[in-house]
Amino acid sequence: MSRSQDPRTFRPPDWAPPPPHRHRDYRDHHYHSQPQYQPQHQRYRPGLPIYAYRRRILNHIFTNQVMILIGETGSGKSTQLVQFLADSGLAAGGSIVCTQPRKIAAISLAHRVDEESNGCYGDNSVMSYSTLLNSQGFGSKIIFTTDSCLLHHCMSDKGLDGISYIIVDEAHERSLNTDLLLAMIKNKLLDRLDLRLIIMSATANADRLMEYFYGCQTFHVKGRNFPVEIKYVPDISAEASLNTLPSICSVACATASYVTDVVRMVSFIHKNEEEGAILAFLTSQLEVEWSCESFSDPNAVVLPMHGKLSHVEQSLVFKSYPGKRKIIFCTNIAETSLTIKDVKYVVDCGLAKECRFIPSSGLNILKVNWISQSSANQRAGRAGRTGAGKCYRLYSESDFGMMEVHQEPEIRKVHLGTAVLRILALGVGDVKNFEFVDAPDPEAINMAVNNLEQLGAIECKYNGFELTDIGRHLVKLGIEPRLGKIMLDCFSSGLKKEGVVLAAVMANSSSIFCRVGTNEEKYKADRLKVPFCHPDGDLFTSLAVYKKWEDGHENKNVWCWQNSINAKTLRRCQETISELENCLKHELNIIIPSYWRWNPEEPTLHDASLKRIILSSLRGNLAMFSGHEKFGYQVISADQPVQLHPSCSLFIYDRKPEWVVFAEILSVPNQYLVCVTAVDHDALCTVHPMSFIKELEMNKLQRKVITGIGNKSLRRFCGKSGQNLHKVVSLLREGCRDDRITVGIDFSGNEVLLYAKQDDMEKVFCIVNYALELEAKLLRNECDERRPGCSGLALFGSGAEIKHLELGKRYLTVEILHQNPWDIDEKELIRLVDDHVPSIANFYIFGSFQSTSNEMKWGKFTFLKPENAEDAISKLNGIEFHGSLLKVVPVCSYKNPGLSFPAVKAKVSWPRKPSRGHALVTCASGEAEFVVKDCFALGVGGRYLNCEVSKKYENRVFVTGVPFHITEPELYDAFRGATTRTILDIRLLRGPSTAGPSVSECEEALMREISQFMPNKNFPGQKFHVQVFNPEERDSMMRASITFDGSMHREAATALDHLQGSVLPCCLPWQIIQCQHVFHSTVSCPTCIYNVISQAVGSLLESFRSKKEVSFSEPL
1 MSRSQDPRTF RPPDWAPPPP HRHRDYRDHH YHSQPQYQPQ HQRYRPGLPI
51 YAYRRRILNH IFTNQVMILI GETGSGKSTQ LVQFLADSGL AAGGSIVCTQ
101 PRKIAAISLA HRVDEESNGC YGDNSVMSYS TLLNSQGFGS KIIFTTDSCL
151 LHHCMSDKGL DGISYIIVDE AHERSLNTDL LLAMIKNKLL DRLDLRLIIM
201 SATANADRLM EYFYGCQTFH VKGRNFPVEI KYVPDISAEA SLNTLPSICS
251 VACATASYVT DVVRMVSFIH KNEEEGAILA FLTSQLEVEW SCESFSDPNA
301 VVLPMHGKLS HVEQSLVFKS YPGKRKIIFC TNIAETSLTI KDVKYVVDCG
351 LAKECRFIPS SGLNILKVNW ISQSSANQRA GRAGRTGAGK CYRLYSESDF
401 GMMEVHQEPE IRKVHLGTAV LRILALGVGD VKNFEFVDAP DPEAINMAVN
451 NLEQLGAIEC KYNGFELTDI GRHLVKLGIE PRLGKIMLDC FSSGLKKEGV
501 VLAAVMANSS SIFCRVGTNE EKYKADRLKV PFCHPDGDLF TSLAVYKKWE
551 DGHENKNVWC WQNSINAKTL RRCQETISEL ENCLKHELNI IIPSYWRWNP
601 EEPTLHDASL KRIILSSLRG NLAMFSGHEK FGYQVISADQ PVQLHPSCSL
651 FIYDRKPEWV VFAEILSVPN QYLVCVTAVD HDALCTVHPM SFIKELEMNK
701 LQRKVITGIG NKSLRRFCGK SGQNLHKVVS LLREGCRDDR ITVGIDFSGN
751 EVLLYAKQDD MEKVFCIVNY ALELEAKLLR NECDERRPGC SGLALFGSGA
801 EIKHLELGKR YLTVEILHQN PWDIDEKELI RLVDDHVPSI ANFYIFGSFQ
851 STSNEMKWGK FTFLKPENAE DAISKLNGIE FHGSLLKVVP VCSYKNPGLS
901 FPAVKAKVSW PRKPSRGHAL VTCASGEAEF VVKDCFALGV GGRYLNCEVS
951 KKYENRVFVT GVPFHITEPE LYDAFRGATT RTILDIRLLR GPSTAGPSVS
1001 ECEEALMREI SQFMPNKNFP GQKFHVQVFN PEERDSMMRA SITFDGSMHR
1051 EAATALDHLQ GSVLPCCLPW QIIQCQHVFH STVSCPTCIY NVISQAVGSL
1101 LESFRSKKEV SFSEPL
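In terms of UniProt numbering, the sequence shown opens at residue 1 and continues consecutively.
This is how it looks when you write it as structure tokens:
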């Protein structure tokens, strides 16, 4: 707000900012050994652009109570403005407080300013306050702190006393604490006319802040960035030759593809670019540490950078390492605040992991999302601090154009429990009418208020809300309300040590165990985790780990290494516990003992107490087991199915507790429950009414088993690739309006497993049982039609039993005609025929529908007796079926067809382009999301596939993790076996074609492979013909046609079996051959000969049963 706009602005007459040397004598009195020019020399040496604006900035600050300073990256605003104010004498006897969103930035800046101002302001004049102990006060000249700490300090009795200037840095990040701090300061400005507020931002997006502070003045300072070349590399293999990239595929199976892409790009830069540090952005601590473990080079120093490192560990990135390239894998903590001067190359994955609160469900969803354009530009700017640099963006320019211009304020993304507590602590009872910088969703405020009421932290009074004693304690603790409530409840139960440790490990539970490296190393880490796993879940497991770690091991780092535990995380937990203990001692006068009352190795009543306490604080995050592993758990507040995270300790015990609570949901892209604790059914009534619990349990899937079904009946019930089973399940789900209904088949036990709600189970059982009985009846009545002579017709059943012998000219078979035969469901038509004529002996569906006048032939039915066939014509003719009338005609044929030996034809193909391990699945309109859900954890070729709805193509599913040897038909069969939804097409994404052998070379190679199975090896070409087709540029497959002589059925089968799955000598190992061959053969011989060879024929036919897609009829 300017002087002309607000009466709070003041200015004494004839004022001018004092010269920089006004207070030099005082400083030199204390530090006489330092030259007078040293501090200014140290600051001018880098040539920071802000020096040119010093006097004008001070004028703006003096004449305006609020000012927004927009300083581009590299301008020097974060380190120099506090010194300008201190040098000028404007602060008088008050402190100058500069806030940062992150602790590391506050500590680093304080250290930098202290170095630059050495000998200027006296001992302890530049300090950083990064903890919540507001009782120690702010007593230094220049104070760097976090926005959270200053906000906490302002809620104490001291308020803003003793502070003259507040600088809110990095305001463009719009963190929750920054917004609350600005709102609080705005209210204080009316009472403190001498207080000055400077809001600093690295971007020009200050319009909303200007409006919030009544159109206050802004001041722009140009940065000192050198030009940065932006390179968009959405496909790394296009930028870097595959031969130059590190071999990390073997250890990347559990890591997101963008993480391995970042590591590969860093390797490419390290090998091909000039010297200069590399800064690579990832989304989480685990990804950063995985990347540091994966990248190894003797000429590089690889360092992590994330917010959970200690100050000593974080300081390593600012050091120089002569003779070696510095490579830093970091989270978005390195976007702003911190300046690593020698960075010349930036690798930007374009993503950030954020926890977003969904008001409609009341859940925190942890998800990887696209960053904003301003964040992308900030990342790129890191490469231009000391010279020209390069930024490699692992996404396309169009992706950049679709990003949001500026990031959304955090207050609109997170749970507002902490914010509501702090607002009430400021004395504002009507939270909804609080003057936010950007108002959050009213539903989010309502949800936060409801949660705090459940925790007992607030109560409604006089049309507003007030803090309870619990709420006041939570405010003083300054931690997330649910964690604070867990601590306070543990104290009430005599579990003080456990409560503090529980709060600390819950905030770090995702990174306690190390699971990186090769598959063998991961398996070893899993085995080492087993002794720590607790049957009650992840929080108890984390407690057990910390207790063991604390129990006096001489070398804790060695112990952690031996047990595959993250030593950094446990040290961070220890620091958090120490801060909490100090805060409890000073704020609540609570002393935490050093001993434990809970023992993970001895079940006691303390286990039940801890579970009850955890349930009480996380009651909104309650989930019930759905009753089927595929659907996992049902989140109560959101009514959505999720799975336990693969790292959950409950898997060790093969447990699926009926009820669990969790900390948050991880979406990557499937949704998982994180930090899970099993809860007792009896304890649920303490947080929810029993009627509510019973109502939820009615929605659980029940299990029913149908036994005594023959193996062949089961296979007929399922159909080819499970298609018949999928149709039955689809019918059940549609009829019961429940997409969770499942019918499972156990062939080893000849059982059918039904999963449905209790109210639907009887209906599901009746439909499935009827279908099974129909298949059993069809199997019992199944006959083979044979003509023993020139006239007559015989139906042979099992065991060569003659079911019917027709010597007259009556018919047993009828043909079915329909206008739209392709719309007919096979099983539905069979049920219709059986309902009218329950004597079906056999049926056959024509492969290609033949036209007859207006109708087309669908297939034919053979009945046990001529009377049944006549009934079929009289009863079925004219019935409406699928929008058209059925037409049924008799089949009368008494001609002996004789014997023929058709030629054997086969289509052969092999890839000419290598698979990238990705695929696109084309679905029917609107079914992509359902396919993703149905195909969760789908295993193919020994690996699990990751499926997500494509962001680029409509009605398509993007699949990653496809083994390189898997083909489209195999992938198609896998998806058809996992979902009832319509799969229109599956296409593997392949790389560029390779320079392979010529068409003639391929033909010769195929002929050589086949010739060895031909009877006349000297003239093999007389019995078969090979033709390899010239591929088009766009073709991903090489294709060939092989035709065998009709007398070569056996040799053809042997040769094609040899080719299937093999690789031609002239091709590469991934160019695996796929054969498509369908041929029919009939063998006839006199009875006397058959009597001699019958046993051998029977053995041969029996061996066919294990052959895929091979059918045969028994000898007559």
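Here a beta-carbon is modelled for each residue, glycine too, at the ideal position from N, C-alpha and C.
Can you list, in chain order, the residues of its chain whose CB lies under 7 Å from that of residue i, leaving out five sequence neighbours each side?
i: V501; result: L543, Y546, I577
i: Y129; result: F138, I143, T145, C149
i: I986; result: A919, V921, E968, L971, Y972, F975
i: G1098; result: none
i: D871; result: V837
i: S511; result: Q285, L286, N566, T569
How about residue i and residue j: do their beta carbons lie closer than 9 Å?
i: D489; j: S616; result: yes
i: V949; j: A974; result: no
i: A504; j: L580; result: yes
i: S310; j: E575; result: yes
i: V940; j: V957; result: no
i: I741; j: V752; result: no
i: L938; j: F881; result: no
i: A663; j: V674; result: yes
Confirm the yes/no value for this check: CB of residue i, any heavy atom of the ligand FMN, distance under 8 Å.
i: W1070; result: The ligand FMN is absent from the structure shown, which contains no ligand whatsoever.
Closest to residue i by CA distance: which of the options is it?
i: F765; options: Q454, Q643, I706, A507; result: I706
i: S796; options: A110, C783, I68, I167; result: According to the sequence shown, residue 796 is Phe rather than Ser. Considering only alpha carbons, the answer is C783.
i: R810; options: A771, K857, F863; result: F863
i: A444; options: S320, G429, E459, I411; result: I411
i: R786; options: L807, L984, L69; result: L807
i: P997; options: N1030, W290, R385; result: N1030
i: F747; options: D759, S626, R716, A771; result: R716
i: K952; options: K704, I693, M402; result: M402
i: K584; options: D538, K496, E664; result: Note that residue 584 corresponds to Leu in the displayed sequence, not to Lys. Closest option to L584, Cα to Cα, is K496.
i: A906; options: L805, H726, S721, S1041; result: S1041
i: R192; options: H688, S398, L160; result: L160
i: N364; options: A105, M447, Y51; result: M447
i: I614; options: E274, E498, I340; result: E498
i: F1044; options: V904, T1087, W1070, Q1012; result: V904
Run through DSSP, which three-state label would residue i get?
i: N364; result: strand
i: L81; result: helix
i: P641; result: strand
i: L754; result: strand
i: W561; result: helix
i: V837; result: coil
i: K913; result: coil
i: P821; result: helix
i: Y770; result: helix
i: D985; result: strand
i: M67; result: strand
i: Y214; result: coil
Taking the alpha helix (DSSP H) that residue i falls in, what are its first and last residues?
i: N446; result: 442-455
i: K704; result: Per DSSP, K704 belongs to no alpha helix (DSSP H); it is in the beta strand (DSSP E), 701-706.
i: W290; result: 285-294
Whose C-beta lies closer than 6 Å to the C-beta of residue i among residues of the same chain, with five residues either side of it excluded?
i: F540; result: H534
i: L1006; result: V1026
i: C253; result: Confidence is the limiting factor: at C253 the pLDDT is only 37, short of 50, which leaves the residue's position unreliable and the question unanswerable from this model.
i: F631; result: P641, R740
In chain order, what residues of the same chain lie with their CB nearer than 8 Å to the CB of residue i, ignoring the 5 residues before and after it?
i: K141; result: A86, A91, S95, I96, Y121, G122, S125, V126
Where does the unbroken beta strand (DSSP E) through residue i begin, and where does it stop?
i: G464; result: 464-467
i: R325; result: 325-330
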